[in-house]
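Presented below is the structure to which this report refers.
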Amino acid sequence: KNLAADDLIQEVQISTDLKNWATLSDPTQESLPEDGFTIETYEVEPITQTTFYRLKVTIR
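Per our numbering, residue 717 is the first one in the sequence shown, and the count goes up by one each step.
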């Protein structure tokens, strides 16, 4: 994500039914390359046939 941008809220979410979504906790790892962006890594449960992930982005 762009470190200079503060106009969006990003959330990684998980669901087993595509109706009810839960936000994952903070990233397990965050790296800061020298290009003004950050890379966030999330530790997730093993994926099954009924596990879905999405990135929810909201404008502030």
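C-beta atoms are modelled at their ideal positions from N, C-alpha and C, and glycine is treated no differently.
Rounded to whole angstroms, what's the CA-CA distance from residue i to residue j? Just pull it up for me.
i      : j      : result
Gln745 : Tyr758 : 7 Å
Thr732 : Thr774 : 22 Å
Arg776 : Asp722 : 8 Å
Gln765 : Pro743 : 24 Å
Are the beta-carbon atoms of residue i and residue j separated by less than 8 Å?
i      : j      : result
Leu770 : Gln726 : At residue 770 the sequence reads Arg, which differs from the Leu that was named. In this structure, Gln726 does not lie closer than 8 Å to Arg770 by Cβ.
Pro749 : Ile755 : yes
Bridge partners of residue i, per DSSP?
i      : result
Ala738 : Ile730
Val773 : Gln726
Gln745 : Thr757
Tell me which same chain residues have a C-beta within less than 7 Å of the C-beta of residue i, skipping the five on either side of it?
i      : result
Leu734 : Phe768
Kindly list the residues whose CB is nearer than 6 Å to the CB of residue i, restricted to its own chain and excluding five residues on each side of it in sequence; keep chain order.
i      : result
Thr739 : Glu727, Gln729
Ser747 : Ile755
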